[in-house]
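Each remark here refers to the structure printed beneath this line.
Numbering (mature numbering (1 follows the signal peptide of the UniProt record, and there is no 0)), first residue to last: -21 to -1, 1 to 159.
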């Protein structure tokens, strides 16, 4: 009986975690699966059959949405795949207006959206025996410089003069061997 109660508690916590985390979003991956479902066949009854066959996949896309995609979308304010604004940031005529009474930090997403820029070209060059530099030019014309500096058994990486990471040579070698 004790084991059952413990299992029940674990299930209850797992089921309430998405609700309590405030990670509501557009359910992008599930929506994409539904779009695929509709494109498979033109008959509504056949689509129902495809939907039934895809039921396990819908379970996985829903989990991906609740725990990953919607979380990113909620906390950054933008969908990580298509960049659309989060539905909670939509302008609408509301019944209760409270934003004017709040600190501005409580009216917007707290984390900058994740953005992926397309690289047009990059050039890697060796500055000296301990330093490499990569100049990256993006499709929109902006540029960025990544510098790696070896200091003893560590390497420090900077992007546009700002340190973003330090790691050991051993960790890099280990990661490279695992991916090879």
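C-beta atoms are modelled at their ideal positions from N, C-alpha and C, and glycine is treated no differently.
All figures in this text were calculated on a predicted structure; none of them were measured in a lab.
| query | result |
| --- | --- |
| From which residue to which residue does the beta strand (DSSP E) around residue 128 run? | 122 to 130 |
| For residue 123 versus residue 115, is the C-beta distance shorter than 9 angstroms? | yes |
| Using DSSP with H/G/I as helix, E/B as strand and the rest coil, what is residue 77? | coil |
| Are the Cβ atoms of residue 141 and residue 117 separated by less than 9 angstroms? | no |
| Is the beta carbon of residue 8 less than 9 angstroms from the beta carbon of residue 55? | no |
| Provide the residue span of the alpha helix (DSSP H) that contains residue 42, from first to last. | 34 to 43 |
| Where residue 59 and residue 47 are concerned, what is the direct C-alpha to C-alpha distance, given to the nearest angstrom? | 10 angstroms |
| Using only CA atoms, which one of 28, 75, 38 and 151 lies nearest to residue 129? | 151 |
| What does DSSP give as the partner residues of residue 112 in its beta bridges? | 104 and 126 |
| So the beta strand (DSSP E) residue 136 belongs to, where does it begin and stop? | 133 to 138 |
| Rounding to the nearest angstrom, what Cα-Cα distance links residue 29 and residue 10 in this structure? | 15 angstroms |
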